[in-house]
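Colleague: Letter 58 of the sequence shown, counting from 1, is numbered 58 in the UniProt record's numbering, and no numbers are missing. Below is a structure I'd like to ask you about.
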Amino acid sequence: MSSELEKRFLSLRKQVIEASFGRLNPVQRDAVFTVNGPLLILAGAGSGKTTVLVNRIANLVRYGTAHDSDKIFGTAGEEDVAALEALLKDGGKLTARLASLLSVNAVRPWHVLAITFTNKAAGELKTRLEAMLGSDAQDIAASTFHSACVRILRREAEHLGYPKSFTIYDSDDSLRAMKEVYKQYNIDDKFLPVKSALSAIGRLKDQMVSPAAAAAQASEYRTKLVATAYEGYAKRLFSAGALDFDDLIYQTVLLFQEHPDVLEYYRDRWQYILVDEYQDTSVAQFLLVSLLAGGHNNICVVGDDDQSIYRFRGATIENILSFEQHFPGAKVVRLEQNYRSTTSILDAANRVIKNNVGRKGKTLWTDNGEGDRVCLYRADNEQDEAAHIASVIGQNLKNGAHLRDHAVLYRMNAQSGPIETYFARAGIPYKIVGGHRFFDRKEVKDIISYLSVIANPRDDLRLRRIINEPARKIGAATLDAAAGIAAGLGCGLMEVIAEAQNYPALGRALVPLKNFCAICDDLTAAAQEQPLDELVSTVIDRSGYRQMLEAQGEEGRTRLENLGELVSSVKTYADEKGDEASLEGYLEEVALISDIDGYDEEADTVVMMTMHAAKGLEFDYVFLVGLEEGVFPGEMSRYSDEDLEEERRLCYVGITRAKKELYLSCARTRMIFGQTKRNPESRFLTEIGEGELQVEESPVAAMATTRISAGAARQRETTRQAESFRSFTARSGLTGTAPRPTAAAKRGAGIAFKPGDLVEHKVFGRGTVLKVTPIAGDTIVEIRFDTAGVKKTMANYAPLTLAH
């Protein structure tokens, strides 16, 4: 191959590769074509970080280092150059030969590990990779931290003394296990609440502190008590063959630290590591990533130091701020072009976040145009705030928007109540993200516990949950006696129950225990023969759960519907996984589901959630409520610069969720936790600058101010008249009293709606009243709206008027 032909080929190859990523901006392409060595991608909100991640993996697998390489693997001739020219000109056919010539040191798909934080994000990553790479994407490991660790531990857990079929405890399981520890060690829950101990233990695991180390460093009675509880809790989980959520990463790091051969295997398997949302990693997660990347040093992390908002969960912003120190020679790429929001919204975000000191620094910009000004509504109280939100949503719907385009974000869950109440009574559909999860319902947890015991008979905690559910005359005293025997023998509770006839202490409950064991034996056999969804139905039937719920009438039917949804969930899992579906695999998915995974973007309802839960999402219209000192930023941030900076980052996250319009609100008074507060406006509003906002004052607040002013004027006039009257009587020698002021006129009663009335609703528009039902000082009005169908609203609460 002549040097001239080689130059032409290399130039054309580079152009073809760049054309493959032609939709990316120059900075994004720079990140994609940086293949080897440590890379930090500082990705601002809405800057297309997922797009960069997907395209970078595609470049690794498809082209390797070819973009910046002068190497050619194989012999390229004139016909190959002509083929590349055809590709660039009219999208000619990419043959297998041409594909091989376009590639230099391409990475095998199974050598790539991409880690993100939520199942939703991991699923999106896989879907987009499959669209770009086809079947090659199937061999790429794309998962959450916890899912990746579960996969490792299922293979390697025996190195740590755990069974491969270990159980994953959820928060409720952990709570129950810790209560048993408290009984064992006589720990007073009033001095150290169980939840506080579990939280402290979670932080210790995030810091990779073992029970022994926790005991060694404990310097006061409370920390010593935590260390004692930690030790007892760890022993209880170990004996049950169980891990809690924090253990998944903690134990995997221990595995790699204590077994270098195992670490070497996974280093060789995953030679290129990509980590999303790196600003939210904990010490344990940092160690996990560092250990895996230590062999080849090909680590790429994507994150935004301005969106680090999970310090309360153990995340440390230092991981991203110190990346270059941890990985010498690292390249840093800043993604500052935003594709989501308008300039007005980004300017507000930039003005807030620039006040933080602990940041690397970047300024978001966009080509989306100026957009509408950010709105600030000064409400009288939280009810007025809710009414304003409903009014704005109604106006947007009239302009063609959907309910699902709107999100109401708040600092803490306690703020949602007044808005929920207003929406419910006004008939506005809404969904709380992060509320009571499907898998937290009692009947669902009970059947999941049956499945867990089938998968892992050593799971004493789940066993105790279901052994008398439905009631089988197996009481707490019997269970305590059986647990005592198991502890003395060093075996599991199930082993003792199966041999109950050998232990006199269990004699009174021998028949119920034997019946329960027979149920478990039948279900274990069914698990070997039946498809997963049939197994769940069998568990519901054979356990007696269906019969119990059927006897409960309407409530039982509702709970049976939930179990029907559980069967559907299992069937969906089995269909998606095919031959890889397993009972253990399904239980893992249930354990790893997060609140946001239940968010359905297609449901046409207003979305309500905390700003923490909203991270990673976007909406056309966003309401940030409660912008008052002591609410947002929170009260505790007054005492810590670190806390205040995290609150500011949270504000930045909230602002940058908005695509088209952003509505901020504060209230003159607000009831929080039963107390009415009059807090100053949030400093974040000051940082944005009132001159940059479109401010609307509450008419309710204005009326209140007018009433106060009018009342004061009347009082002054009354005082003047009284003084004049006293002066007159004194001069004339008369006695008497000043005339009493007249009472204000009473306001008229509310509108009395009746069937057939034409009405106007601020959200749903025009409609006809179908039915009116008086109830508790109010009226339920059933209306058929022209566009929204039939809705029910409360007359005294709904934004409802008679239409003309």
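Every residue, glycine too, gets a C-beta built ideally from N, C-alpha and C. Computed from a predicted structure; not experimentally measured.
Would you decide whether threonine 719 is buried or exposed? Buried here means 16 or more other CB atoms lie within 10 Å of its CB.
Modeller: Here threonine 719 scores only 44 on pLDDT, less than 50, and its place in the model is too uncertain to base an answer on.
Colleague: Given a cut-off of 8 Å on the beta-carbon distance, is the pair isoleucine 428 and alanine 390 in contact?
Modeller: Yes, Cβ-Cβ distance for isoleucine 428 and alanine 390 is below 8 Å.
Colleague: Tell me which same chain residues have a C-beta within less than 6 Å of the C-beta of leucine 376, skipping the five on either side of it?
Modeller: Here the set comprises Leu664, Leu693, Val695.
Colleague: Would you list, in sequence order, the uninterrupted alpha helix (DSSP H) runs of no fewer than 4 residues that lie entirely inside the region 201-247?
Modeller: Qualifying alpha helix (DSSP H) stretches, in chain order: 211-217, 221-239.
Colleague: Could you tell me if alanine 99 is buried or exposed, where buried requires 16 or more neighbouring beta carbons within 10 angstroms of its beta carbon?
Modeller: With fewer than 16 other Cβ atoms within 10 Å, it is exposed.
Colleague: Note down, one range per segment and in chain order, each alpha helix (DSSP H) of at least 4 residues found wholly within the region 44-123.
Modeller: Counting only runs of 4 or more, we get 49-62, 78-90, 96-101.
Colleague: Report the rounded CA-to-CA distance for arginine 313 versus arginine 542, giving the unit in angstroms.
Modeller: The alpha-carbon atoms of arginine 313 and arginine 542 are separated by roughly 41 Å.
Colleague: CA-CA distance, threonine 144 and valine 54?
Modeller: Distance between the alpha carbons of threonine 144 and valine 54: 15 Å.
Colleague: Assess contact between the region 309-326 and the region 632-650, defined as three or more Cβ pairs (one per stretch) separated by less than 8 Å. Is contact present?
Modeller: Enough Cβ pairs lie closer than 8 Å, so yes.
Colleague: When we look at the beta-carbon of proline 457 and count the other beta-carbons within 10 Å, is it buried (16 or more) or exposed?
Modeller: Label assigned to proline 457: buried.
Colleague: What residues in its chain sit with their C-beta under 7 Å from that of lysine 659, if we drop five residues either side in the sequence?
Modeller: Taken in chain order, the residues that qualify are Arg340, Ser341, Glu618, Phe619, Asp620.
Colleague: Would you be able to state if there are at least three C-beta pairs under 8 Å between the region 69-82 and the region 8-15?
Modeller: At 8 Å Cβ cutoff, the stretches touch.
Colleague: Cα separation between tyrosine 503 and leucine 463?
Modeller: If you take the alpha carbons of tyrosine 503 and leucine 463, they lie about 19 Å apart.
Colleague: Just the C-alpha distance for serine 282 and proline 512, rounded to the nearest angstrom, thanks.
Modeller: About 47 Å.
Colleague: Less than 8 Å separating the beta-carbons of leucine 288 and isoleucine 249?
Modeller: Yes, Cβ-Cβ distance for leucine 288 and isoleucine 249 is below 8 Å.
Colleague: In three-state DSSP terms, what is methionine 412?
Modeller: Methionine 412 falls in the coil class under three-state DSSP.
Colleague: With a threshold of 8 Å, are at least 3 pairs of Cβ atoms found where one atom belongs to the region 140-159 and the other to the region 119-126?
Modeller: The region 140-159 vs the region 119-126: in contact.
Colleague: In angstroms, rounded to a whole number, what distance separates the CA positions of asparagine 59 and glycine 37?
Modeller: In a straight line, the C-alpha of asparagine 59 is about 15 Å away from that of glycine 37.
Colleague: Quick check: what's the CA-CA separation for leucine 137 versus asparagine 356?
Modeller: The sequence given here has alanine at residue 137, not leucine. In a straight line, the C-alpha of alanine 137 is about 40 Å away from that of asparagine 356.
Colleague: Using only CA atoms, which one of Gly77, Leu39, Glu277, Asn679 lies nearest to aspartate 305?
Modeller: Closest option to aspartate 305, Cα to Cα, is Glu277.
Colleague: With respect to the alpha helix (DSSP H) encompassing glutamine 285, which residues constitute its N-terminal and C-terminal limits?
Modeller: Residues 283-293.
Colleague: With 16 other CB atoms within 10 Å as the buried threshold, where does serine 174 fall?
Modeller: That one is buried.
Colleague: Rounding to the nearest angstrom, what Cα-Cα distance links phenylalanine 423 and tyrosine 430 in this structure?
Modeller: Distance between the alpha carbons of phenylalanine 423 and tyrosine 430 is about 7 Å.
Colleague: Cβ atoms of aspartate 460 and leucine 493: under 8 Å apart, would you say?
Modeller: Going by C-beta atoms, leucine 493 is nearer than 8 Å to aspartate 460.
Colleague: Since I believe glycine 64 is in contact with serine 105 (beta carbons under 8 Å), could you give me their beta-carbon distance rounded to a whole number of angstroms?
Modeller: The sequence shown places asparagine at residue 105, rather than the serine named in the question. That pair is a contact at about 4 Å.
Colleague: Grouping DSSP H, G and I as helix and E and B as strand, with all else coil, what is aspartate 372?
Modeller: If DSSP states are grouped into helix, strand and coil, aspartate 372 belongs with coil.
Colleague: Does DSSP put serine 640 in a helix, a strand or coil?
Modeller: Note: serine 640 maps to coil in three-state DSSP.
Colleague: Got a sec? Which residues, its chain only, sit under 6 Å from alanine 788 by beta carbon, not counting five neighbours each side?
Modeller: So the qualifying residues of the chain are Phe764.
Colleague: What first and last residue would you give for the beta strand (DSSP E) that runs through serine 449?
Modeller: Counting along the chain, serine 449 falls outside any beta strand (DSSP E), though it belongs to the alpha helix (DSSP H) covering 442-455.
Colleague: Which residue or residues does DSSP assign as beta-bridge partners of phenylalanine 623?
Modeller: Beta-bridge pairing links phenylalanine 623 to Val408, Tyr663.
Colleague: According to DSSP, is arginine 670 helix, strand or coil?
Modeller: Three-state result, arginine 670: strand.
Colleague: Using the rule of at least 16 other Cβ atoms within 10 Å of the residue's Cβ for burial, across every protein chain shown, is serine 416 buried or exposed?
Modeller: When all chains shown are included, serine 416 counts as buried.
Colleague: Going by DSSP, name the residue or residues bridged to residue 805.
Modeller: No information on residue 805 is available, as it lies outside the stretch 1 to 804 that the chain covers here.
Colleague: When the Cα atoms are used, what is the spatial distance from arginine 155 to lysine 164?
Modeller: Distance between the alpha carbons of arginine 155 and lysine 164: 7 Å.
Colleague: Considering only residues of the same chain and omitting the five flanking positions on each side of proline 755, which have a CB-CB separation below 7 Å?
Modeller: Closer than 7 Å at the Cβ level, and outside the excluded window around proline 755, lie Val769, Leu770, Lys771, Val772.
Colleague: Taking the alpha-carbon positions, what's the phenylalanine 286 to leucine 153 distance?
Modeller: Cα-Cα distance, rounded: 18 Å.
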